[in-house]
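Heads up: the structure comes next, in structure tokens.
Protein chains in written order, with my numbering: chain A, 20 to 323; chain B, 20 to 323.
See below:
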């Protein structure tokens, strides 16, 4: 909502207004209760939320604050395993953010190429897609997508699937974390990670391994100064943004952990939230969109 | 491209690889020359570029640098006129950015409500859409869109049109500038402006007047600290980000102007650029998308 600043931020449900459907919209428009996202979340039960798995959660500590990443082992099991290995060896501690390209990504890694892999692997299979099996959780979005036959959410991650090709994959929305690679598809073992900070670069889907998403602390990464070199790399090492250390949450004393819960995406509550965002029904909106882009679906996080 | 940092950034055209078409794609896939965006731009002629009209260009001066906004009088003539009036009265000078909401917008205006409108108007017609007339420039994107029947570019602005409704409108991509309003549709005279700094909030389309776009200086706005209050407003006035002054470029001595040119969007060069981005053909990409979202189309700017 783009209110003027003097306004209250109260959301008041208004009568359902004009519904607009376009060719790309595949869902039949059914009468939906006129609820706002705030109302949907207020009515959510304890079972609608889940804690993060500490073994699949990374804390990236920068001077400006902590960035919490949830890994996606269902989609990139080898990368998740290798990343935890790298983290536990202290691979990232003292490295730096090397790149911040406006409306695209930030990226960190070993600028001087001095770190050793230790027990971690230097090459990994290209986990750009995964086999679409019956057990893959998938809450399909009711709207069509330009980049994939179907999009939706899998365990809280924005994802796509292609039944004909028998594939599923994570998609490049704001906050998604991937493993940078060279032209060689197996050259991205997780030693350089990037995070999407701009409009979703969906052209990267299926071309690189997404390994998780930032669930807290995006503002720390998104506000980093943009690099002035090619592709947004910082031209002077003095501009590099230090990474104090990276830890697996499971290795962090309980009292120092970020106690976060994320909204489950396989629930009626989540589907109501999607509908609330497909058609905004507060007094400010004049024309509900009747559609939502996969990367515009909020993935709520709360402190437990 | 998410290269690892040691790599060169050279783009080398590769043989056209697997083309993927989805239901939402309406264009027939025709063989296209395998050119990269860099190659397309290198081959562009002088006529492919146009200067900004100084009378339709605003300079917003912040401590961190200048933000250059191109107004869109074809879509929001009353807002463009009122904005120039406000600017020329010094309405914005000494005001501040009041809001920075992560993955959404920054917004500035008169926090204390002390400025007077002078010769400017306090209410304006809701220029959320414009009549779709035959003279409206429109280079249609070959791909479908979820939010509108057709999307494309009009004089360098991302836009949509609906022939049946007889309407056209600007769309909310990264860098677009709009006039915040209250629930009253006529309450957004341009005294509070917002700029999109996150994933395109297309649900705002047709709900608020877009008045232009930032053609240079987005990094200044996008890296502002996020506000911690509701909707990203800064909670303490001390956090407000001062706006030194705003000027119409035509009022600025020639030597102090930003000499920018933007790529025309009604040219074969632009269409080649779109195709180069729909299907990336360098050695890094394994799977060309075969599609492009309207907000992923680059709108190149250069210094003349």
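Yeah, the Cβ is synthetic: ideal placement off N, Cα and C, and Gly gets one too.
Coil, strand or helix - residue i by DSSP
i	result
residue 151 of chain A	coil
residue 181 of chain A	strand
residue 187 of chain A	strand
residue 274 of chain A	helix
residue 256 of chain A	helix
residue 311 of chain A	coil
residue 301 of chain A	strand
residue 44 of chain A	Only weak support is given to the placement of residue 44 of chain A: the predicted model assigns it a pLDDT of 38, under 50, and the question is left unresolved by the model.
residue 316 of chain B	coil
Unbroken alpha helix (DSSP H) run spanning residue i, endpoints
i	result
residue 96 of chain A	96-107
residue 294 of chain B	287-297
residue 58 of chain A	56-61
Beta-carbon proximity of residue i to residue j, cut-off 8 Å
i	j	result
residue 281 of chain A	residue 68 of chain A	yes
residue 231 of chain A	residue 196 of chain A	yes
residue 324 of chain A	residue 203 of chain A	Here chain A comprises residues numbered 20 to 323, so residue 324 of chain A is not present and cannot be evaluated.
residue 81 of chain A	residue 239 of chain A	yes
residue 233 of chain B	residue 86 of chain B	yes
residue 229 of chain A	residue 62 of chain A	no
residue 100 of chain A	residue 174 of chain A	no
residue 251 of chain B	residue 120 of chain B	yes
residue 320 of chain B	residue 214 of chain B	no
residue 129 of chain A	residue 249 of chain A	no
residue 171 of chain B	residue 158 of chain B	yes
residue 189 of chain A	residue 178 of chain A	yes
residue 156 of chain B	residue 97 of chain B	no
residue 142 of chain A	residue 205 of chain A	yes
residue 115 of chain B	residue 260 of chain B	yes
residue 186 of chain A	residue 247 of chain A	no
residue 221 of chain B	residue 308 of chain A	yes
residue 242 of chain B	residue 322 of chain A	no
residue 264 of chain B	residue 72 of chain B	no
residue 193 of chain B	residue 219 of chain B	yes
residue 208 of chain A	residue 140 of chain A	yes
residue 236 of chain B	residue 84 of chain B	yes
Bounding residues of the beta strand (DSSP E) (the contiguous stretch that carries residue i)
i	result
residue 76 of chain B	76-81
residue 198 of chain B	195-198
residue 88 of chain A	84-90
residue 171 of chain B	169-173
Beta-ladder partner(s) of residue i, from DSSP
i	result
residue 119 of chain A	A/125
residue 69 of chain B	B/281
residue 321 of chain B	B/280
residue 162 of chain A	According to DSSP, which records beta bridges pairwise, residue 162 of chain A is partnered with nothing at all.
residue 267 of chain A	A/77
residue 176 of chain A	A/173
residue 261 of chain B	B/115
Cβ-heavy atom distance, residue i to the ligand MG, below 7 Å
i	result
residue 62 of chain B	In the structure on display, the ligand MG does not appear, and there are no ligands present to speak of.
Residue i at chain C interface by Cβ criterion, 8 Å
i	result
residue 222 of chain A	The displayed structure is made up of protein chains A and B, and chain C is not among them.
- [ ] Enumerate, from N- to C-terminal direction, the unbroken alpha helix (DSSP H) stretches of 4 or more residues contained entirely within the region 211-253 of chain B.
- [x] Runs found: 237-241.
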